[in-house]
Amino acid sequence: MQKHWWQEAVVYQVYPRSFQDSDDDGLGDLNGLRRRLPYIKRLGADVIWLTPVYRSPDDDNGYDISDYESIQPAFGTMADFDAVLADAHALGLKIVMDLVVNHTSDEHAWFAESRKAVDNPYRDYYIWRDPVDGHEPAPWSSTFSGSAWEFDEATGQYYLHLFSKKQPDLNWRNDTVRDEIYGMMTRWLDRGIDGFRMDVINSISKPEDFTNTRRGDDRQAQVHAYLREMNDRVLSKYDIMTVGETGGVTPESAQLYAGYDTHELSMVFQFQHLSLDLDREFGRWRHHPIQLSRLKAIMTRWQVELAGKAWNSLFWSNHDQPRAVSRWGNDRPLYRELSAKMLGAVLHYQQGTPYIYQGEELGMTNVYNVQSIDDCRDIETLNAWQDLVETRHLLAPDEMLLGIELCGRDNARTPMQWDTSANAGFTSAGVTPWIGLNDNYPKINAASQVDDPNSVFSFYREMNALRKQYPIITYGDYTLLAPEDEQVWAYTRTLDGQVLTVVANFTDETLTRPEAAPAGTLLQQNYGDDAGERLRPYEVKVYLK
Ligand code: ISL
């Protein structure tokens, strides 16, 4: 296996509209991020993944791009972007940009042309079909509720949109579309960025007909051909990292996307572990408790099956997910910090590149102050409310609000909690942020944690530092211990005769386990001492021998 810098890196995900406002419009921006770069450096991250900052009508918070080569004015200018990049590089931080090329905004110039006439030169940039018997050409549905087909009066055809109707899907079969995208990517790389996180990249290839209604990776025909072409024509010319967002991938298919010798991507985001608490029918809007043995089994399969063949990404959370400590840990005051540290350790000591979503390093929690749908901003949430509550009456308002509270995307999108001042230091007092703050910011904020050696922040910082010191954390082989245990997650990593053991209590009970007292010296823990085989609530211990 050839070693790559991104295998040894820790990535910090920044959602810029919620990170730091610098001009008092209630929206985070590039100058705000620039001011906070030293914070990310101090945490010990190596790479920033920046979610979209391109020009966009913001139907889906920037994932609907109307110009790939200009900056959203509310976020700043291209000069501001260059300044962020230069400052980041000066600090030794790399920047990976979001690449959203499954779809554009309907306000992109290509789509404005495309919808004008069936013989417009841009028509074939998108996916247009005639109606069948007066309605949608095929039964595909949108991730954001309703049909994936929108009828366009002007030309009497439907266009495909896997997400909102303001996000028409690009037609990757069209050689010119792919040329345009590769050209755009090349210009960004030549600007000096360090890679791409590729939005829903395993959806870019569409079948000839749209009769297969199963979701997932198996409806892709050409995706590997496209990614190999992209790699050949663009990616392989730079020393960058790429991570594909690939819902539906399995350890087998991930080896095609991210195999060491498949010449596609550096790694992918898989979502199997994030599906355990979802409902078959109502998805994230009806929640089920997770079974630890199943979570361990999924993560272990990825560890074992990719070993030596492809590289894992490791994440609990991102801007589409609820907060990790609320979902997998315990966000009550007594256990919040303990369980946030425990979760961090269980994830970061596995093999792969860890991703920290902004605020996770502080133990930021889900939002419990949502009173009504009017407090929500996320298009997925708003559309689902419209569909499931208002139109089809499948969920009662209270049940849906509970679903939103437990799993809605806005949980991750409230402003970063910097300090105890009004608006948490995200924006000035008196400004109304684009989305309400989590009202626990006086308790959970960066200012109270960065200098506290016992804080969640310091725990994450310590993990990041240990990773630099011990190659076993990056490269060791993973073995699960006691797979059936529903309360404890224990595993080892081995490399060159060394053994690293991680033992974690996922409950609020004190337990006794032989695995909890392995040989070796304690490298990291969240209680300050070692109780041997006794594991206290949410205790985690990491040993090295
Ligand atoms: O949560 C999911 C899978 O468990 C899905 O929300 C999935 O990650 C998502 O639908 C794809 O997300 C990406 O593309 C969307 C955008 O809204 C998300 O923010 C982005 O991460 C469309 O561009």
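Count along the sequence shown starting at 1, add 4, and that's the number in this note's numbering. C-beta: ideal position from N, C-alpha, C; glycine also. Note that the structure is a prediction, hence the values are computed from the model and not measured.
Going by other Cβ atoms of all chains shown within 10 Å of its Cβ, with 16 needed for buried, is residue i buried or exposed?
i           : result
residue 26  : buried
residue 447 : exposed
residue 207 : buried
residue 246 : buried
residue 108 : buried
residue 298 : exposed
residue 285 : exposed
residue 376 : exposed
residue 139 : exposed
residue 523 : exposed
residue 9   : exposed
residue 95  : exposed
residue 17  : buried
residue 236 : exposed
residue 355 : buried
residue 458 : exposed
residue 180 : exposed
Based on the DSSP output, what are the partners of residue i in its beta bridges?
i           : result
residue 273 : 249
residue 107 : 173
residue 476 : Answer is none; residue 476 lacks a bridge partner.
residue 145 : 151
residue 497 : 482 and 504
residue 311 : DSSP lists no partner for residue 311.
residue 525 : 548
residue 161 : 156
residue 200 : 101 and 246
residue 139 : 136
residue 509 : 492
residue 18  : 54
residue 71  : 59
residue 316 : 272
Quick check: does the Cβ of residue i come within less than 7 Å of any heavy atom belonging to the ligand ISL?
i           : result
residue 67  : yes
residue 410 : no
residue 392 : no
residue 553 : Beyond the ends of the chain as shown, which are 5 and 549, falls residue 553; an answer cannot be given.
residue 204 : yes
residue 278 : yes
residue 23  : no
residue 115 : no
residue 112 : no
residue 167 : yes
residue 104 : yes
residue 323 : yes
residue 108 : no
residue 147 : yes
residue 281 : no
residue 275 : yes
residue 62  : no
When you compare each of the options to residue i by their alpha carbons, which one comes out closest?
i           : options               : result
residue 38  : 64, 67 and 81         : 81
residue 173 : 150, 149 and 209      : 209
residue 406 : 523, 389, 442 and 253 : 389
residue 408 : 383, 397 and 152      : 383
residue 89  : 324, 463 and 193      : 193
residue 574 : 130, 471, 378 and 273 : A query on residue 574 cannot be resolved here, the shown segment of the chain reaching from 5 to 549 and no further.
residue 110 : 123, 168, 98 and 320  : 168
residue 165 : 130, 118 and 360      : 130
residue 261 : 231, 252, 521 and 281 : 231
residue 13  : 499, 471, 483 and 485 : 471
residue 228 : 214, 188 and 205      : 205
residue 477 : 504, 462, 456 and 67  : 504
residue 372 : 157, 414 and 496      : 414
residue 252 : 273, 266 and 244      : 273
residue 482 : 362, 455, 366 and 310 : 310
residue 24  : 288, 441 and 324      : 441
residue 302 : 427, 244, 488 and 386 : 488
residue 32  : 364, 178 and 437      : 437
Could you tell me if the beta carbon of residue i falls within a distance shorter than 7 Å of some heavy atom in the ligand MG?
i           : result
residue 451 : Ligands displayed in this structure: the ligand ISL; the ligand MG is not among them.
Say whether chain B places a C-beta atom closer than 8 Å to the C-beta of residue i.
i           : result
residue 270 : Note that chain B does not occur in the displayed structure, where there is just one protein chain.
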